[in-house]
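Structure first, then comments.
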Amino acid sequence: MNSIFITGAGAGIGRATAHCFADQGWFVGAADLDEAALHSLQDELGEARCSIHVTDVVDPASVRQSLAGFAARTDGRLDVLHNNAGLLRVGRFEAIHLEDHRQLVDVNLTGLINVLHTAFPYLRDTPGAQVVNMSSASACYGIPDFASYSASKHAVRAMTEALDIEW
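First residue of the sequence shown? That's 1269 in this note's numbering, and the numbers climb one at a time after it.
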């Protein structure tokens, strides 16, 4: 059975992606900080088609534990990694608290790096494995009131382009 591991699976695009892949017969590993949302998703998809993993993508130990738990259910197979976890803060740059800027960059970029690095052995050992890193149109041009978000998503875009060649 094909498998996909999705960060930020508790809501929005991540949750919709989980449903889409499960509907196509894939096994879904759903990762998010929101445990209640994960349980709700698993209730909808069923335990046979979905494992849930309370995950803080900024914490490497949390990412390792989640991916190991997922791999235990898939015999180490990871066909698609969907890096979807992300934060958005909108407003004038100077009006957003410095801690909020840092947290956004930590989740959107450092979290992505943590998941990519940890998932690499599973991806490498799964023939034809692919990675989908969620970026944004604001990665192409800096958008007023989205400065840190634009910067983080531009970094995601650059990381994706580099690893597409490297991997």
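Where a beta carbon is used, it is the ideal one built from N, C-alpha and C, also for glycine.
V1331 versus A1339 - alpha carbon distance: What you label residue 1331 is simply residue 63 of the sequence shown in a count that begins at 1. What you label residue 1339 is simply residue 71 of the sequence shown in a count that begins at 1. Those two C-alpha atoms are separated by around 12 Å.
Quick check: G1278 and A1316, are their CB atoms within less than 7 Å of each other? If you number the sequence shown from 1, residue 1278 lands on position 10. If you number the sequence shown from 1, residue 1316 lands on position 48. For G1278 and A1316, no; Cβs fall outside 7 Å.
With C-beta atoms as the reference, is L1346 less than 7 Å away from T1285? Translated into the one-based positions of the sequence shown, residue 1346 becomes position 78. Translated into the one-based positions of the sequence shown, residue 1285 becomes position 17. No, these two residues do not count as a Cβ contact at 7 Å.
Take the Cβ of R1392 as the centre, count every other Cβ of all protein chains shown within 10 Å, and call the residue buried at 16 or more, exposed below. Here residue 1392 refers to the residue found at position 124 of the sequence shown. The residue is exposed, with fewer than 16 neighbouring Cβ atoms inside 10 Å.
Do you know how far the Cα of L1309 is from the Cα of Y1390? Counting from one through the sequence shown, the residue named residue 1390 turns up at place 122. Counting from one through the sequence shown, the residue named residue 1309 turns up at place 41. If you take the alpha carbons of Y1390 and L1309, they lie about 24 Å apart.
Which partner residues does V1424 have in the DSSP bridge list? Position 156 of the sequence shown, counted from the first residue, corresponds to residue 1424. In DSSP, V1424 forms no bridge with anything.
Can you tell me which of the three DSSP states T1439 falls into? This structure cannot settle anything about residue 1439, because the visible part of the chain is limited to 1269 through 1435.
Cross-strand partners of F1295 (DSSP beta bridge): The residue you call residue 1295 lines up with position 27 of the sequence shown. Bridge partners of F1295: S1271.
Rounded to whole angstroms, what is the Cα-Cα separation between A1430 and G1379? Position 162 of the sequence shown, counted from the start, is the residue given in the question as residue 1430. Position 111 of the sequence shown, counted from the start, is the residue given in the question as residue 1379. Near 17 Å, if we compare the C-alpha coordinates of G1379 and A1430.
In terms of residue numbering, what span does the alpha helix (DSSP H) encompassing L1306 cover? The residue you call residue 1306 lines up with position 38 of the sequence shown. Run containing L1306: E1303 to L1313, per the alpha helix (DSSP H) assignment.
Beta-carbon separation of D1374 and R1357 under 7 Å? The residue labelled residue 1374 in the question sits at position 106 within the sequence shown. The residue labelled residue 1357 in the question sits at position 89 within the sequence shown. Contact: no.
Residues that A1321 bridges to, as DSSP identifies them: Residue mapping note: residue 1321 aligns to position 53 of the sequence shown, counting from 1. Contrary to the premise, residue 1321 reads as His rather than Ala in this sequence. A1299.
Look up V1383 in the DSSP assignment and say whether it is helix, strand or coil. Sequence index remark: in the sequence shown, residue 1383 carries index 115 (1-based). DSSP places V1383 in helix when its eight states are reduced to three.
What are the start and end residues of each continuous alpha helix (DSSP H) run of 4 or more residues lying completely inside the region 1335-1392, in chain order? 1366-1373 and 1380-1392
In the DSSP assignment, the beta strand (DSSP E) including V1399 goes from what residue to what residue? Along the sequence shown, read from residue 1 onward, the residue named residue 1399 stands at position 131. Run containing V1399: Q1398 to N1401, per the beta strand (DSSP E) assignment.
Exposed or buried, which one is M1402 when buried takes at least 16 other CB atoms within 10 Å? Position 134 of the sequence shown, counted from the start, is the residue given in the question as residue 1402. Buried, by the Cβ-count rule.
According to DSSP, is T1285 helix, strand or coil? Start at 1 with the first residue of the sequence shown, and residue 1285 comes out as number 17. Helix, per DSSP.
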